[in-house]
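Letter by letter, the sequence shown follows residues 1 to 394 in full-length UniProt numbering.
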Amino acid sequence: MATPYTPQITGQGPKAQIQRLGGHLAGMVMPNIGAFIAWGLITALFIPTGWLPNKEFGALVDPTINVLLPVLIGYTGGRMVHGQRGAVVGAVATIGVVVGAGIPMFLGAMVMGPLTAYVLKLVDGYIQDRTKPGFEMLVDNFTAGIIGGAAAVFGNWGIKPIVTHVTDVAGNGVEWLIHHHLLPLASVLVEPAKVLFLNNAVNHGVLGPLGVAEAAKHGKSIMFMIESNPGPGLGVLAAYLLFGPRTLRPSVPAAMVIQFLGGIHEIYFPYILMKPRLILATMAGGAAGIGTFMVTGAGLVATPSPGSIFAYAAETPRGGYFGVFLGILIAAGVSFAVGSVLLGFGRFNGDDESEAEAEAAPETTDGEATAAQTMTDETKTDEAPAPETAPHGA
Numbered sequence: 001m002a003t004p005y006t007p008q009i010t011g012q013g014p015k016a017q018i019q020r021l022g023g024h025l026a027g028m029v030m031p032n033i034g035a036f037i038a039w040g041l042i043t044a045l046f047i048p049t050g051w052l053p054n055k056e057f058g059a060l061v062d063p064t065i066n067v068l069l070p071v072l073i074g075y076t077g078g079r080m081v082h083g084q085r086g087a088v089v090g091a092v093a094t095i096g097v098v099v100g101a102g103i104p105m106f107l108g109a110m111v112m113g114p115l116t117a118y119v120l121k122l123v124d125g126y127i128q129d130r131t132k133p134g135f136e137m138l139v140d141n142f143t144a145g146i147i148g149g150a151a152a153v154f155g156n157w158g159i160k161p162i163v164t165h166v167t168d169v170a171g172n173g174v175e176w177l178i179h180h181h182l183l184p185l186a187s188v189l190v191e192p193a194k195v196l197f198l199n200n201a202v203n204h205g206v207l208g209p210l211g212v213a214e215a216a217k218h219g220k221s222i223m224f225m226i227e228s229n230p231g232p233g234l235g236v237l238a239a240y241l242l243f244g245p246r247t248l249r250p251s252v253p254a255a256m257v258i259q260f261l262g263g264i265h266e267i268y269f270p271y272i273l274m275k276p277r278l279i280l281a282t283m284a285g286g287a288a289g290i291g292t293f294m295v296t297g298a299g300l301v302a303t304p305s306p307g308s309i310f311a312y313a314a315e316t317p318r319g320g321y322f323g324v325f326l327g328i329l330i331a332a333g334v335s336f337a338v339g340s341v342l343l344g345f346g347r348f349n350g351d352d353e354s355e356a357e358a359e360a361a362p363e364t365t366d367g368e369a370t371a372a373q374t375m376t377d378e379t380k381t382d383e384a385p386a387p388e389t390a391p392h393g394a
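Here you go:
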């Protein structure tokens, strides 16, 4: 379904189905971008490596990313399917996958929110005409409570282990590539994992520990830059700004500032979800950036969290700025070039189809109006002689 944040996808082919799915996922995230920005600002300011370290304020970071943001996504997904009632049960169901997970459960929220709301929608449709007058509120509350509670238990028992396993598989794949000296190919796994909001799990669960061990020996590590490089995201957003759907272009400059300067990479994930083929652009940009880091011997002394250009500058060892900034620049350039090609330099952004439909609508309306007018005229022509042929004495 289209939302105020996502364009309408037309067609029924596999490509349109994938784009429609991406649009649904993006529609759960885009209305909550303000919450992501709030979390990013708190993170950038108050974590131990932030600009204004504060232990008390920094305690807001983990509950926000692990609980609040997934619940908001589940709430929004439920609302898209079944209005306010769907939103409530979607939020309740999301708690089931969030509690005890230890990682941000965005993917679990995207599953449980809409799914639980859809089940409630089916139940509401079944009992609506079977509920006796006066019992509507009682039945509505209990059906929502029972379905929401059951979905929370099911999510905790069934969905949470699956998402955790997917996260572990992605992390193990990245670790395998690293140990087999295929580091640039890590982007093939890292970039899709990022778009599914597994970025923190991959970065802090796999790459971070490896980077810490390497930095302890050599004083720097490339592992800190594999996932956190802001270049690929910047390149995709730049391609969107110039060649993306016109309805989305006004939102891109702010997203570029938040992503590149603020380090909140989650801001560009919905843009890729709306055009899934653009994941190839971030994969190419990420691989190019990692290759550049390897050639120049670049590395950071610690994890740049959040992954902004300022954090990169702060974590770069003395004398290592050239390789670090060159890798970011090349990653952004490659991502922009590939993204522009995938968007057809504006030809494949979906605007042409929308314009064609808009042009066809008036033509259909005019045609219908002309046909109606013709029928009216013919009716008048047929009926006009009647008064003249009628007998005067009647």
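Just so it is clear, CB atoms sit at the ideal spot from N, CA and C, and this is done for glycine as well.
Here the alpha carbons of Leu-300 and Ile-222 stand approximately 6 angstroms from one another. Secondary structure of Ser-305 (DSSP, three-state): coil. Within the same chain, no residue comes within 8 angstroms of Arg-318 by CB-CB distance, once the 5 residues on both sides are set aside. By the beta-carbon neighbour count (other beta carbons within 10 angstroms, threshold 16), Gly-83 is exposed. Taking Leu-25 as the centre and dropping the five residues before and after it, the same chain places the C-beta of Met-110, Pro-270 and Leu-273 closer than 8 angstroms to its C-beta, in chain order.
Looking at the backbone, the Cα of Phe-293 and that of Asp-140 are separated by about 58 angstroms. For Leu-107, the secondary structure class from DSSP, reduced to helix, strand or coil, is helix.
Within the model, the alpha-carbon separation for Gly-211 versus Met-105 is close to 24 angstroms. The beta carbons of Gly-86 and Ala-117 sit closer together than 8 angstroms. Considering only Asn-172, Met-30, Ala-216 and Val-92, the residue with the shortest C-alpha distance to Thr-303 is Ala-216. Taking all protein chains shown into account, Asn-229 has 16 or more neighbouring C-beta atoms within 10 Å of its C-beta and is therefore buried. A check of alpha carbon separations from Gly-244 across Pro-276, Ile-258, Thr-296 and Ile-290 identifies Pro-276 as the nearest.
Taking each of Pro-232, Gly-34 and Asn-200 in turn and checking the Cα distance to Asp-168, the smallest one comes out for Asn-200.
Here Pro-306 is buried, its C-beta having at least 16 other C-beta atoms within 10 Å. Looking from the CA of Leu-207, the closest CA among Leu-278, Gly-134 and Ser-187 belongs to Ser-187. CA-CA distance, Phe-336 to Lys-121, rounds to 42 angstroms. Of the other Cβ atoms in all chains shown, 16 or more fall within 10 Å of the Cβ of Trp-39; this residue is therefore buried. Secondary structure of Leu-183 (DSSP, three-state): helix. The Cβ atoms of Tyr-312 and Ile-328 sit closer than 8 angstroms to each other. Counting only the Cα atoms, Leu-69 lies some 7 angstroms from Ala-35.
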